[in-house]
Structures are given as structure tokens and as C-alpha cells.
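Before any comments, here is the structure.
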Amino acid sequence: MVTAEKPYKVVGTRPIRPDGTDKVTGRANYGADIRLPGMLYGRVKRSPIAHGKIKRIDASKALALPGVRAVMTAEDLPRKGRREFAPLGSVKISLATLSGNVMARDKVRYEGHAVAAVCATDPHVAEDALDLIEVEYEELPPVLHADEAMLASAPLIDEELHTREMATGESAEEPSNVAMHFVTEMGDVEAGFAEAEIVLERSFKTKMVHQGYIEPHNATAFWRHDGGLEIWCSTQATFVMRDHLAGLLEHPVSKIRVTPQEIGGGFGGKISVYLEPLAAVLSRKTGKPVKMTLTRDEVFRATGPTSGTAIRVKLGAKRDGTLVAAEGELVYEAGAFPGSPVAAGVRCIFTAYAIPNQRIDGYDVLVNKPKVQPYRAPGASAACFATDSVMDELAERLDLDPIALRLKNAAVEGTRSADGAAFGVIGNRDCLQAIQSSPHYRSELQGPNRGRGVAHGYWYNAGLESSAYASVNSDGTVALVLGSPDIGGTRASIAMQLAETLGIPAERVIPQVVDTDSVGFTSVTGGSRTAFAGGWAAHEAGLDLRQQLAARAAKIWGVEAEQVRYRDDAVIVGPAGEDGGERSITFTELAAKLARTGGMIVGRADSNHASAAPTFATHVVDVEVDPETGKVEILRYTAAQDVGTAIHPSYVEGQIQGGVSQGVGWALNEEYRFDEKGRMENASFLDYRMPTALDLPMIETVLVEVPNPGHPYGVRGVGEVPIVPPLAAVANAVHAATGHRFTELPISPAAVLEKLLPGEE
Amino acid sequence: MTEAAGTRRIVVEATINGEPQEFLADERDSLLEALRDRIGLMGVKEGCNNGNCGACTVILDGRLVCACLVMAAEVEGSAITTIEGIASSDGLHPLQQAFLEDAALQCGVCTPGFIVAAKALLDVNPHPAEDDVRLWLAGNLCRCTGYDKIVQAVLDAAGDGKESA
Amino acid sequence: MARVFIPATLRARCDGRSEVEVEGTTLRQIVENLDAACPGIAARILEGDAVRPDLALAVNGVVGAEGLLERVPDGAEIQIMPAIAGGGAG
Ligand code: FES
Ligand code: FES
């Protein structure tokens with residue numbers, strides 16, 4: 050369902066994606082599909098313990114195995130300083146962290162931490178060689194939970210880490226596992242709570258969960274004899290990859306070329322480097338191309354999940370439901386190196402609501418678990434789980450409809466969030482109202498053990514740099530060159546925006562994702578920015594083409610360029626000719642003439658637009674809880690989302706349905722389980738249970754289109770916010786079905802039975 | 013590839029996508045490794061290598077199998093259909109067309125497995141209900157789509173009445 | 013004139029104020045003038061010649077790409093916030 054009429058011809062239609070045929074016939078080249086002559090196969094030796102000092106690494110036996118060509122360790126990587134940074138979108142990331150996570154130096158910080166890498170002529174031999182690399186450790190006690198890690202008595206994961214106070218930049222005297230403390234404050238919280246007529250304070254916990262993309266990480270590197278380094282991989286960010294490699298290997302950016310392959314899902318988890326620098330060093334050592342792929346087990350143990358969290362939320366309200374004060378404390382596990390998404394959690398936790406007095410504290414805490422990486426709306430889902438669970442209880446206590454309570458408090462244009470920023474045009478209330486009036490919410494839910502829950506979430510979005518080149522072909526098509534890897538159909542949505550600008554059908558734009566030497570700097574495919582920023586760049590390249598095409602027509606007609614106009618229907622019109630008739634030529638006719646009238650035309654855009662494009666989502670879900678088995682079944686799910694303009698509605702719906710599915714998995718089944726020594730117990734798809742087709746119903750979507758005034762086509766990122774409300778929505782529905790509040794995720798059958806079964810508490 | 017320790021080559025004969033073929037494999041190769049690394053059928057994807065994701069789904073002598081769970085040596089004399097063998101010279105299979113029209117793929121890495129599995133379903137049950145489709149495809153993981161559009165595409169392909177024999 | 017929102021932990025440097033009005037048409041000028049009003053605050057915001065790597069200055073809620081060269085329109089609101097990365101759809 051789409052709620053707005055638009056004045057567009059291409060935008061809002063559902064053409065078949067340009068890369069689709071290759072993907073349904075098995076011809077598309079993903080990262081692991083690369084095969085090069087003389088290629089070697091690399092594997093990574095990993096730590097079997099969660100915390101320990103590396104005493105000795107001896108690779109001599111491995112090197113003696115026939116077929117083995119080289120072994121590398123951290124000694125082969127330059128040592129990076131703590132305050133050396135590499136760019137990552139609008140953020141900078143410490144090269145010491147990156148390098149230390151890519152391969153352990155001196156100390157292993159989590160089970161699965163890379164300690165060495167080997168390459169051989171055959172993948173089976175490379176695997177055999179792993180056992181022959183001898184590593185001696187001095188085991189240290191692991192720190193596995195954020196609350197223990199914060200204690201002064203906790204073993205230190207990094208002896209040189211001191212808690213940094215975000216706003217002041219000051220570091221604490223004593224070393225600590227707490228990397229960073231954030232605090233945001235607005236109004237007078239104490240006065241606010243004093244004014245409240247009802248105050249609820251609850252604590253919540255979520256476990257580490259993984260992005261769960263189906264394609265494991267991979268990288269193929271070839272270090273040429275002239276120093277040129279070629280990388281093929283599936284990454285969300287080719288240019289970020291290039292810059293990070295340049296920093297990690299101390300190799301000039303101009304000598305590194307990253308060619309993106311098709312990428313089998315990322316969700317934020319395929320921005321960071323893992324294998325690329327290892328494959329590069331092994332290739333340098335052998336003079337041969339080296340291909341490395343992770344196993345699923347390695348993906349779980351050694352790539353970034355998102356944080357386990359402990360969140361305390363306190364809300365104060367008037368008896369009519371008006372929120373007057375909020376306090377939040379967010380503790381996020383960063384894994385073994387600093388950098389959890391707690392800052393984003395702090396930013397998002399109360400932002401959907403207008404609350405005059407707030408204080409929010411956030412802690413980024415090291416534990417001996419894999420270094421976390423972004424996962425769709427990073428940090429926001431757990432925060433929303435906490436806030437919207439308390440909102441649900443508040444509605445119950447005050448005997449208010451849960452949507453009505455949220456509508457009463459929804460942030461609107463001009464509302465300030467705790468960091469002082471005021472909203473522009475937003476679709477916050479619109480999403481709530483869309484659910485309120487949806488057939489699902491208005492339907493009656495009947496039957497025993499059933500319940501309905503709602504939740505409401507927020508995510509900000511970012512713009513950043515994108516480049517696009519568009520060249521007109523003589524047959525009237527346009528080749529569009531992009532720097533953003535296409536994960537979920539962004540080629541289509543970007544091409545559609547160029548087609549709209551030029552007034553031609555979508556099929557006439559042929560998009561291509563190219564390597565880092567072939568297009569200008571393009572930032573991460575992430576933060577939902579690709580359709581937004583890539584589309585903006587394509588639009589600007591299109592405007593450039595319109596201008597050049599008009600100028601060419603003017604040249605052909607012998608008139609001034611200012612007299613010629615490119616109309617939105619792709620007809621170029623000029624002043625009346627000698628015969629008195631208006632001169633005109635279609636885009637296609639002109640395209641055929643370009644070669645003979647001065648050459649082909651290329652439109653360019655290097656665009657860098659910062660624009661706030663906040664998005665909101667309201668979800669409603671019906672569940673049935675089986676009192677015998679504890680299993681929670683999803684009966685019906687509807688998601689309303691403020692999507693700005695839906696460029697290709699099918700892919701917008703798909704993003705929402707995918708995000709909901711991941712959120713339902715997070716709520717009900719997914720979790721990293723560790724034994725007491727910090728070894729992951731469920732590193733397979735069999736034991737880490739992600740939703741299957743059988744676990745979900747059709748997911749209904751309501752696209753609320755409140756165009757973003759800061760974008761030529763009104764685009765807002767759509768891919769992040771769908772994963773924000775499901776955790777709370779499902780928990781609230783389970784409460785409605787059972788009468789029990791679940792403050793810890795996942796709400797697994799065992800957790801349900803524990804609450805439902807009578808007997809000892 | 014040079015000989016290396018622990019590798020022993022075997023020759024396997026099988027009919028792959030209708031073509032009788034003879035290929036060299038390592039005796040430790042799974043069918044998945046042989047199809048990808050030795051024969052170059054890269055449409056068969058690896059997601060887990062232990063039978064839990066369905067990305068490597070192929071049809072082996074009429075049975076749906078995970079290629080990662082079968083040894084290459086076991087397929088001697090068998091007939092195998094991979095994603096590369098689903099379209100015909102006349103064009104895409106109705107399932108492939110439906111996947112495109114219904115936007116049933118995002119990243120697309122799960123798509124070959126789903127299409128091969130769905131073809132096997134339509135071969136035995138040309139008009140499945142939604143529940144039949146969900147049950148049949150429960151061995152294939154997709155992390156991008158939430159399955160909605162995949163299930164819809166299979167229903168649409170079946171509804172076309174064009175499902176292949 | 014721009015309105016700078018002061019984060020809680022920096023308010024001590026600004027006589028406890030949560031907002032300070034300063035002149036300036038670029039973020040660089042804003043930070044310089046803010047430092048004149050709240051001595052020592054620039055040292056907290058800058059590292060070398062740039063905004064601290066883990067911090068961001070937003071103009072009207074938007075973090076631009078031009079760093080201290082970012083233009084500040086009259087009447088703008090400036091927020092000092094942690095620099096945070098996005099996630100990734102698809
Ligand atoms: S790779 Fe065979 S089932 Fe996953
Ligand atoms: S489309 Fe990406 S896993 Fe299915």
C-alpha cells in the first residue's frame with residue numbers, strides 16, 4: 050500500500066532490476082567466485098582461547114608441508130599507533146584497532162582472533178597446514194559480561210585503555226575496560242521526575258546477535274611486482290576498504306585498486322576489513338594471487354556481531370500520559386576493541402518522543418568477545434526494546450491505547466532531541482496513525498494464548514559522498530557508472546532516479562558498479578545512504594547531461610545555448626527555425642548524432658550532501674504462545690514506515706520485510722552463547738537459529754510517503770529503521786499473550802517455559 | 013595445480029545439466045567444491061558448508077540435496093541439475109521470471125538455491141499452497157527478504173500454469 | 013549569530029549554560045568565538061587543526077563533510093555530538 054500520489058514517471062514504478070537476470074541464472078560473480086591463474090588458497094589460524102598472551106608462533110612444520118607457499122603473522126603488518134586514524138564515512142576509526150583485530154599481536158582478545166595465515170596450492174592443503182602452525186599461549190582470565198568488565202577488579206583486556214569522556218575528550222587516570230562514556234542531557238531531569246504522576250523504571254538485556262548474511266567474507270589479492278595491489282572482494286565500501294588497506298599496509302592509495310564483486314548481504318557487517326590485508330601480504334610473499342574465504346564457523350566467531358546490551362530506562366509521565374522526564378543508561382559490549390554503537394543508541398533511545406527533561410548515559414565496554422560491527426540501525430534496536438517496553442507498560446498502567454499514548458508524545462517538526470537538534474519535516478505521527486487505522490490494528494484478535502504488541506522506532510540517516518558518471522550511448526541508452534556496491538537492488542533505484550531526471554524509461558539506463566580507479570570517491574553502502582546519496586549523484590549527473598545535450602543541440606542548430614531547453618519529456622527544444630517552426634529533437638535522435646557533432650557526452654557528479662532524513666517505523670504484531678513448548682508463533686505482522694519517496698516500492702517493501710525478519714529472529718531465537726571460558730557454543734546455522742520461511746507469515750507493509758525536502762526526489766534511507774521496532778513489538782505481544790514481561794532477549798521457548806511453568810521462581 | 017601433500021586426484025563421470033562430463037577432483041572434495049572449484053559452476057553458492065543454509069542446493073538424480081553434504085566421488089554416474097541448468101535455450105524458467113518480476117531477491121546469493129529447490133517442489137506439486145511452499149523451502153535461508161516475496165514468486169510461477177515438467 | 017548547544021559535561025566551562033550565542037559564518041569562526049566566550053572549550057573540541065576524530069559538529073542537526081570550513085547560516089543551531097557511523101541495509 051502506498052499512500053501518496055507522485056508527479057513522477059519512473060520513480061514509484063517497479064521495473065525489473067538490471068542485474069536480475071544474472072542473479073536468477075547463477076551467472077553473477079560474487080566475491081568467492083573469482084578464479085585467477087596460479088591462484089593460491091589462504092586460511093587463517095585462530096585462537097582457541099578468549100584471552101591470553103601469545104608466547105610463541107612456530108610455522109616451520111606448516112611451511113615444510115608440500116604445497117604450502119607462505120605463512121604470515123602480525124609481524125608482517127606495520128605497527129599502528131592508537132591515535133592514527135582512517136576515515137570511515139563521517140567517522141574516523143583507529144588504525145591500531147583495525148590492525149589489532151585483523152591479526153593479534155602479542156595478545157589474543159577473543160576466541161577466533163586471527164593469529165596467523167597460511168596459503169597453499171590447494172584449499173585442503175591450506176586447511177591441513179593450520180594444525181601444523183604451533184602457537185603457545187599464556188591463558189588469562191576472560192571478561193565476558195559488560196557488568197563484570199566495568200568493575201575496577203576486572204582483568205584488563207587492554208592495559209593502555211583509559212575511559213574517555215566523550216564530550217570533553219578527557220581520559221581517566223586508571224586504565225579500564227570502559228572505553229568511552231557518553232552523556233546527553235536536556236532540561237532538568239530531577240524537576241521533571243518530581244512533576245511526574247507515574248514513574249516506571251525497568252532494566253533490559255539483549256545478547257550479541259549476528260547480521261547473518263548468507264555469503265561468508267572473502268577476499269582475493271594480487272600484489273603485482275610493480276607494487277600495484279589488486280583486491281577483489283565483497284565489501285559494502287570499496288573506497289573505505291582501499292583507504293583502510295593503505296593505512297594498515299602503509300601502501301600508497303594510488304597503488305591499491307579495489308574491485309567490488311557482487312555481495313551476498315552485509316547489513317553493516319561487511320564494511321570492516323578482515324581478510325584483505327592478510328591475502329595482500331600472502332600475495333606479496335608469494336608473487337601469486339591469493340584467495341581467502343571464511344567458513345561459517347569463522348564468520349560467527351571472528352566477524353562482528355552487534356553488541357550485547359544492558360539498558361535501564363526510567364520514564365515519568367502525567368496521568369494523562371504526557372511524558373515529562375526520561376532517564377536512560379546504556380551499557381553496550383564493544384567486543385575486544387572499542388567501538389560499540391552505544392552513541393547511536395544514546396542518540397535514538399528517546400528521540401521518537403517529545404520529552405522535555407532527559408538524561409542519557411552510554412558506556413562502550415570491552416569484553417573478550419568478537420569486536421562488534423554495525424548491524425542495521427546500529428544500537429537503536431536494543432534501545433527501542435527498552436523504551437518501548439516501558440511505554441507499553443505505561444499504557445497498560447494508565448489504561449491508554451498504546452498507539453494513543455505514543456501519538457500523544459510523538460516528536461513533531463520542531464521537537465528537540467536531547468542533543469539539541471530540532472526535527473524538520475518528519476512522518477512520525479503519520480506512521481503511528483497508519484497503524485492505528487490499518488485493518489490489522491482494527492481487527493479483533495481472538496483465541497487463547499494470543500496477544501498483540503506494538504512498538505515505534507526511530508533512525509537518523511546520513512548522506513555523504515557519492516560519485517556517478519553517466520555517458521550517453523548512440524542508441525539512446527545511458528551507461529551509469531557507480532561506486533557503491535549494490536546489495537539489495539540499489540543499482541535499480543539509482544538508475545531510476547537518473548532516468549527520471551532525463552525523462553527516459555528506466556530500462557534505458559544501464560548501471561554498472563566499478564572499481565576504485567574508475568569512479569570518484571564513494572562512501573559506504575550503509576546507513577541506508579546508497580539510494581539517497583547515489584540517487585542524488587545520479588540526478589546531478591543527469592542535470593549535467595541535460596545541460597550538455599542542450600548545448601550540443603544549440604551547436605547543431607547554430608543558436609545560443611541559452612535559447613535551448615531540455616524538457617522533462619526528453620525532448621530538446623530551441624527557438625523557431627527559418628521555416629518558422631519550433632526546433633526540436635528527441636533525446637534518442639540527438640544521441641545518434643553525438644559522435645558526428647563533437648563526440649559523445651559524459652555527465653559527472655561528485656556529490657556530497659549532508660542532509661538529515663530521519664525515519665520512523667510503527668509495527669504491530671500478533672503472536673500465539675504455545676504453553677506446552679514455549680514456542681512463540683508470529684501470526685500476523687504489519688509494518689508502517691515513513692519512507693520518504695519510495696523509488697522502487699518493491700525493494701522498499703523488501704527492505705522492510707527483511708528488517709522485520711531479522712528483528713523477529715533477534716527477539717525470539719538468535720543469540721551468541723558462550724561457555725564460561727568465552728568459547729562460542731553455537732557457531733553454526735543449526736544452533737544459531739535464524740528465521741526460516743516456516744517461521745514467518747507474509748509481512749504486510751504500509752509505505753507512508755513523507756518526501757524528504759532535503760533530497761531532489763524526496764528520498765529517505767529505508768533499510769535501517771525496519772529492524773528497530775520488532776524487538777519491543779514482539780516482547781509486548783508476548784506480554785499480551787502471557788501476562789509476563791520479558792526484559793531479556795531472546796524470548797526463546799526455554800525462557801518462556803521458565804516464566805510460564807508454576808513453581809520455583 | 014601442482015600436486016601437494018594429502019591430495020589425491022580422482023576422475024568422476026556424471027551428467028551435469030544434461031551434458032555428460034568427466035572431471036578431475038580431489039578425493040576430499042565435496043560435490044560443492046567440485047562443482048565450483050573444479051568445474052567452475054559458480055552459481056552453486058556456499059553459505060555454511062554443513063547443510064544448514066541451502067545455498068548449495070542442487071538436484072541429484074531427482075532428489076534435492078545440499079551439494080556441500082555429498083562427496084564428489086559419490087556422484088559417479090549420476091545426473092545433476094544446478095542453477096545453471098534451469099533456464100532453457102527458449103529463455104528463463106517461469107520461476108526465474110517470477111523471481112525477477114516479484115523482486116524476490118535482494119543480494120541474490122540465496123537465489124540459486126531457492127530457485128532450484130522451488131523447481132523441485134513444482135515438479136512434484138505444481139499447485140502448492142502458501143504453507144506447502146513455506147514448508148518445502150524451510151531448508152533454504154534468506155537473510156534479506158523476510159521470504160515474503162520469495163514465497164509469492166513461487167506461488168505466482170505455479171499460478172502461471174507454465175511450470176515445467 | 014548562531015546558537016551553540018553545550019553538552020552536559022562541557023557546561024562547567026560555560027558558567028553552566030546549556031546554550032551559548034556566538035558570531036561566525038563558518039564552523040571555524042564559531043569555535044574560535046565560542047572559545048572566547050568559554051575559555052578552553054576549543055581545546056576540547058579540536059585536535060590539531062580539525063574537529064576531534066570521535067566528535068562531530070552539526071549545523072541545524074546535519075553533520076556536513078567540510079569540517080571546520082562548513083558554512084554557518086545566520087540563526088543556525090550548532091550541536092556538538094559524537095561522530096557515529098551508520099549500519100547498512102541489505
Ligand atoms: S552451503 Fe550447503 S547447505 Fe549451506
Ligand atoms: S536475497 Fe540475500 S540472502 Fe536472500
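Protein chains in written order, with this note's numbering: chain H, 50 to 810; chain U, 13 to 177; chain E, 13 to 102. Each residue gets a CB set at the ideal place from its N, CA and C atoms; glycine is no exception.
Which word fits Pro390 (chain H), buried or exposed, when buried means at least 16 other C-beta atoms lie within 10 angstroms of its C-beta? By the 10 Å Cβ count, Pro390 (chain H) comes out buried.
Hey, could you find the ends of the beta strand (DSSP E) Gly149 (chain H) is sitting in? Careful: Gly149 (chain H) lies outside any beta strand (DSSP E), inside the alpha helix (DSSP H) at Leu144 to Val151.
Taking Cβ to Cβ, would you say Asn406 (chain H) is nearer than 8 Å to Ala216 (chain H)? For Asn406 (chain H) and Ala216 (chain H), no; Cβs fall outside 8 Å.
Using a Cβ-Cβ distance under 8 Å, would Met215 (chain H) count as near chain E? Residue contact check for Met215 (chain H) against chain E: a CB pair falls below 8 Å.
Going by alpha carbons, who is nearest to Pro419 (chain H) out of H:Asn510, H:Val779, H:Thr70 and H:Asn150? When only C-alpha atoms are compared, the closest one is H:Asn150.
With a threshold of 6 Å on Cβ separation, who are the neighbours of Tyr159 (chain H) within its own chain once the five nearest residues in sequence on each side are excluded? Excluding sequence neighbours, Tyr159 (chain H) sits near Ala99, Ala385, Asn417, Lys418 and Pro419.
On a Cα-Cα basis, can you pick out the residue from H:Glu589, H:Lys340 and H:Met747 that is closest to Asp655 (chain H)? For the residues H:Glu589, H:Lys340 and H:Met747, the minimum Cα distance to Asp655 (chain H) belongs to H:Glu589.
Can you give me the C-alpha to C-alpha distance between Leu107 (chain U) and Gln118 (chain U), rounded to a whole angstrom? Cα to Cα, Leu107 (chain U) sits roughly 16 Å from Gln118 (chain U).
For Ala555 (chain H), return the contacting residues in chain U, with the cut-off set at a CB-CB distance below 8 Å. What Ala555 (chain H) touches in chain U: nothing, since even the nearest Cβ is about 14 Å away.
Mind checking whether the beta-carbon of Thr69 (chain U) lies closer than 7 Å to any heavy atom of ligand 2? Not one heavy atom of ligand 2 is found less than 7 Å from the C-beta of Thr69 (chain U).
As a quick exercise: from H:Glu188, H:Lys58, H:Val302 and H:Met152, pick the residue whose alpha carbon is nearest that of Lys104 (chain H). Among H:Glu188, H:Lys58, H:Val302 and H:Met152, the Cα nearest to that of Lys104 (chain H) belongs to H:Glu188.
Proximal chain E residues relative to Lys141 (chain H), where beta-carbon distance stays under 8 Å: Per Cβ cutoff of 8 Å: Pro65, Asp66 and Ala95.
In chain H, what lies closer than 7 Å to Thr123 (chain U) by C-beta? Lys72 and Val73, listed in chain order.
Chain H contact residues for Thr21 (chain E), given Cβ-Cβ distances below 8 Å: One finds Glu214, Met215, Ala216, Thr217 and Val232 in chain H with Cβ atoms closer than 8 Å to the Cβ of Thr21 (chain E), taken in chain order.
Jot down the residue ranges of each uninterrupted beta strand (DSSP E) in the segment 192–237 of chain H, minimum 3 residues, whole runs only, in chain order. Taking 3 residues as the shortest admissible run, the segment 192–237 of chain H contains the following complete beta strand (DSSP E) segments, listed from N- to C-terminal end: 211–214, 220–224 and 227–235.
Flag Leu794 (chain H) as yes when its Cβ comes closer than 7 Å to any non-hydrogen atom of ligand 1, and as no otherwise. Incorrect: Leu794 (chain H) has no Cβ contact closer than 7 Å to ligand 1.
Hey, how far is the Cα of Asp437 (chain H) from the Cα of His505 (chain H)? Looking at the two C-alpha atoms, the distance is approximately 7 Å.
Using 8 Å for Cβ pairs, my map puts Gln422 (chain H) next to Thr352 (chain H). What's the rounded Cβ distance? Sure, about 7 Å apart at Cβ, within 8 Å.
Nearest-angstrom Cα separation, counted from Asp736 (chain H) out to Tyr262 (chain H): Here the alpha carbon of Tyr262 (chain H) sits roughly 16 Å from the alpha carbon of Asp736 (chain H).
Write down the C-beta distance between Thr667 (chain H) and Glu754 (chain H) rounded to the nearest angstrom, noting that I regard them as a contact closer than 8 Å. Contact annotation, Thr667 (chain H) with Glu754 (chain H): C-beta distance approximately 15 Å; criterion of less than 8 Å not satisfied.
From His266 (chain H) to Leu104 (chain U), what distance separates their C-alpha atoms? In this model, His266 (chain H) and Leu104 (chain U) are separated by some 30 Å (Cα to Cα).
N-terminal and C-terminal residue of the alpha helix (DSSP H) that Ala170 (chain U) is part of: Annotation for Ala170 (chain U): the continuous alpha helix (DSSP H) segment containing it runs Asp160 to Gly171.
Using a threshold of 7 Å, is the CB atom of Asn61 (chain U) nearer than that to any non-hydrogen atom of ligand 1? Asn61 (chain U) Cβ: within cutoff of ligand 1.
Three-state class that DSSP yields for Gln407 (chain H) in the structure shown: DSSP places Gln407 (chain H) within a strand segment (E or B) once states are collapsed to three.
Kindly say whether Ile312 (chain H), judged by its beta-carbon, lies nearer than 8 Å to any beta-carbon of chain U. Yes - at least one Cβ of chain U is within 8 Å of the one on Ile312 (chain H).
Is there at least one Cβ from chain H nearer than 8 Å to Val24 (chain U)'s Cβ? Put simply, the CB of Val24 (chain U) is far from chain H, with every gap to its CB atoms at 8 Å or more.
At a threshold of 7 Å, does Glu264 (chain H) count as lining ligand 1 (C-beta to nearest heavy atom)? The beta carbon of Glu264 (chain H) sits no closer than 7 Å to any heavy atom of ligand 1.
What does DSSP give as the partner residue(s) for Met729 (chain H) in the beta ladder? Its beta-bridge partners are H:Phe723.
Quick one: Cα of Val669 (chain H) to Cα of Gly552 (chain H), how far? So the alpha carbons of these two residues sit roughly 39 Å apart.
Which partner residues does Thr694 (chain H) have in the DSSP bridge list? Looking at the DSSP output, Thr694 (chain H) bridges to nothing.
How would you list, in chain order, the residues of chain H whose beta-carbon sits under 8 Å from the beta-carbon of Lys161 (chain U)? The answer, in chain order, is Ser699, Glu702, Gly703 and Gln706.
I need the DSSP call for Ala177 (chain U), collapsed to helix, strand or coil. Its pLDDT being 37, under 50, Ala177 (chain U) is placed unreliably by the model, and the measurement read from it follows with that caveat. Ala177 (chain U) sits in coil when the DSSP states are folded into three classes, being neither helix nor strand.
Shorter than 8 Å from the beta carbon of Asp38 (chain U) to some beta carbon of chain H? Output row for Asp38 (chain U): interface = yes.
Applying a beta-carbon distance threshold of less than 8 Å, which residues of chain H neighbour Leu104 (chain U)? By Cβ distance, chain H contributes Thr70, Val73 and Thr74.
Bounding residues of the beta strand (DSSP E) (the contiguous stretch that carries Val330 (chain H)): Run containing Val330 (chain H): none in the beta strand (DSSP E); it sits in the alpha helix (DSSP H), Glu325 to Thr335.
When every heavy atom of ligand 2 is checked, does at least one fall within less than 7 Å of the C-beta of Gln704 (chain H)? Gln704 (chain H) Cβ: outside cutoff for every heavy atom of ligand 2.
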